[in-house]
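The sequence shown begins at 2 in the working numbering and counts up by one.
Ideal Cβ positions, reconstructed from N, Cα and C, are used throughout, including at glycine.
To keep things clear, I will list the structure first and then write my remarks on it.
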Amino acid sequence: MSTLKFMNGHGGAKITNGTINGDAHVHKDVFHPEIGHRYTYESLQETVEFLRSKVPYLPEVGVICGSGLGSLAECLDNPIEISYDCIPHFPRSTVKGHVGALVFGFMSGLPTVCMKGRFHYYEGYPLWKCCMPIRIMKLLGVSHLFITNAAGGLNPSFRVGDIMFVKDHINLMGFAGNNPLQGPNDERFGPRFPPMNQAYNREIIKLANKVAKDIGLGDRVHEGVYTCLGGPNFETVAELRMLQMLGADAVGMSTVHEVITANHCDMTVFVFSLITNECIVEYESLAKPSHEEVIDVGTQRENSLKQFVKELLKQIFENRIGTK
């Protein structure tokens, strides 16, 4: 376990509209003529310095909370919540079920930062901006990234409420030429051509299966391949049948570009999908998927997922899996 040096104390604090304990903060975006509003290493350092001034420790673990899964942040002890609105250069969440805040605290005794709300391509953000918070986490000291999402089940054996540990992905948006690593590469973030054949840590997946079995979720977990489409519309029957033929087990509107970015900056990655709806692959079906259904299933599963994440995180660091 790491020894932490506390600079100040804000246990249980909440920062909104740029203030904490009366400390106002004003910020503006930075324009870079050569690459427009794309972030630079230097602009991200400004964000990092702001966060370091508000949080008395450096996080080792990052968690991205998917749709309906924001309650995972409730696992944190002594939370410090900082609204996206007051973080320099940070995007804003616009989707129901995504609160829009970074929450710092301790999960299973480990310093952790949770994203209560991610950013999506369909919100109008380019992929590099959707992934900017991952760069921030890395610069803050995060070595292990847990990514969660709500997904539609393509595999006919999946049921609503099942959990899929992602073992690989199909980057369809990348096939179309849209990748978060496009543009000038800064070697301080990572290499120009990062490999992706080991994007998902196999040791953690093996441990996750054990933990799930130990807490009574063993019959509801699977391993599979995730794919991401741009959204916001749900998929057509023909599109879903094509994805099944390609070998995808679940489909969503996030995650793949986040995993690419996390691997680019040498983070240890674990991802699970909560299956919130069964994909409709029959033209005769009258069922209609909805975002409300996604939120509801996340709420129903929140207690078991909190227990799972806390225990898995504890065992990862006890066994030093993925530590450099």
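Worksheet item: Taking all protein chains shown into account, do 16 or more other C-beta atoms lie within 10 angstroms of the C-beta of Pro157, making it buried, or fewer, making it exposed?
Response: What you label residue 157 is simply residue 156 of the sequence shown in a count that begins at 1. It counts as exposed.
Fill in: Extent of the continuous alpha helix (DSSP H) run through Phe105
Within the sequence shown, numbered from 1, the residue matching residue 105 stands at position 104. In the DSSP assignment, Phe105 falls outside any alpha helix (DSSP H) and within the unbroken beta strand (DSSP E) covering Ala102 to Met108.
Worksheet item: Any idea if Pro34 is buried or exposed, counting beta-carbon neighbours within 10 angstroms, 16 or more meaning buried?
Response: Residue 34 sits at position 33 when you count from the first residue of the sequence shown. Residue confidence for Pro34 is low, a pLDDT of 41 falling below 50, so the modelled location carries little weight and cannot support an answer.
Worksheet item: Around the C-beta of Met243, are 16 or more other C-beta atoms found within 10 angstroms, so that it is buried, or is it exposed?
Response: For the purposes of this step, residue 243 is taken as residue 242 along the sequence shown, with counting starting at 1. Flag for Met243 reads exposed.
Discussion item. If I follow the unbroken beta strand (DSSP E) through Ala152, where does it start and stop?
Written reply: The residue given as residue 152 occupies position 151 in the sequence shown. The continuous beta strand (DSSP E) containing Ala152 extends over residues His145 to Gly154.
Fill in: DSSP three-state assignment for Asn264, whether helix, strand or coil
Counted from its first residue, the sequence shown places residue 264 at position 263. The answer is helix: DSSP assigns Asn264 an H, G or I state.
Fill in: For Cys132, the nearest candidate out of Phe190, Gln199, Val100 and Glu294 (CA to CA)
Residue 132 sits at position 131 when you count from the first residue of the sequence shown. Its Cα nearest to that of Cys132, the residue Phe190 stands out among Phe190, Gln199, Val100 and Glu294.
Worksheet item: Along the chain, where does the beta strand (DSSP E) that runs through Glu1 open and close?
Response: The structure shown does not extend to residue 1, since the chain spans only 2 to 325, so no value can be given for it.
Worksheet item: Counting pairs of beta carbons, one from the segment 287 to 302 and one from the segment 174 to 188, are three or more of them closer than 8 Å?
Response: As far as the Cβ criterion goes, the segment 287 to 302 does not touch the segment 174 to 188, which means the pair count is below three.
Worksheet item: Is there contact between the segment 173 to 180 and the segment 271 to 281, where contact requires at least three CB pairs shorter than 8 Å?
Response: No, the segment 173 to 180 does not touch the segment 271 to 281.
Practice prompt. To the nearest angstrom, report how far apart Leu182 and Thr237 are at their CA atoms.
Written response: Indexing the sequence shown from 1 puts residue 182 at position 181. Indexing the sequence shown from 1 puts residue 237 at position 236. In a straight line, the C-alpha of Leu182 is about 29 Å away from that of Thr237.
Discussion item. Within 10 Å of its beta-carbon, does Tyr85 have 16 or more other beta-carbons around it, so buried, or fewer, so exposed?
Written reply: Counting from one through the sequence shown, the residue named residue 85 turns up at place 84. Buried, because 16 or more other Cβ atoms sit within 10 Å of the Cβ of Tyr85.
Item to complete: Could you tell me if Gly71 is buried or exposed, where buried requires 16 or more neighbouring beta carbons within 10 angstroms of its beta carbon?
Response: As a first step, residue 71 is located in the sequence shown; it is residue number 70 there, counting from the start. A residue is called buried once 16 or more other Cβ atoms fall within 10 Å of its Cβ, and Gly71 is buried on that count.
Worksheet item: What's the C-alpha gap between Leu208 and Tyr126?
Response: Within the sequence shown, residue 208 is the residue found at index 207, counting from 1. Within the sequence shown, residue 126 is the residue found at index 125, counting from 1. Annotation: Leu208 to Tyr126 spans about 35 Å, alpha carbon to alpha carbon.
Worksheet item: Is the number of C-beta pairs between the segment 211 to 218 and the segment 244 to 253 that are closer than 8 Å three or more?
Response: Contact between the segment 211 to 218 and the segment 244 to 253 is not established, with fewer than three Cβ pairs separated by less than 8 Å.
Worksheet item: Just the Cα atoms here: how many angstroms apart are Glu294 and Lys97?
Response: Mapped onto the sequence shown, residue 294 falls at position 293. Mapped onto the sequence shown, residue 97 falls at position 96. Straight-line Cα distance between these residues: approximately 12 Å.
Fill in: Other residues of its chain near Tyr123: CB distance less than 8 Å, five sequence neighbours each side excluded
As a working mapping, residue 123 is identified with position 122 in the sequence shown. Excluding sequence neighbours, Tyr123 sits near Gly231, Gly232, Pro233 and Met254.
Discussion item. Bridge partners for Asp169 per DSSP, in chain order?
Written reply: The residue you call residue 169 lines up with position 168 of the sequence shown. According to DSSP, residue pairing for Asp169 in a beta bridge involves Val226.
Item to complete: Sort out for me which residues DSSP pairs Ala251 with in a bridge.
Response: Residue 251 sits at position 250 when you count from the first residue of the sequence shown. The beta-bridge partner set that DSSP reports for Ala251 consists of Gly154 and Tyr227.
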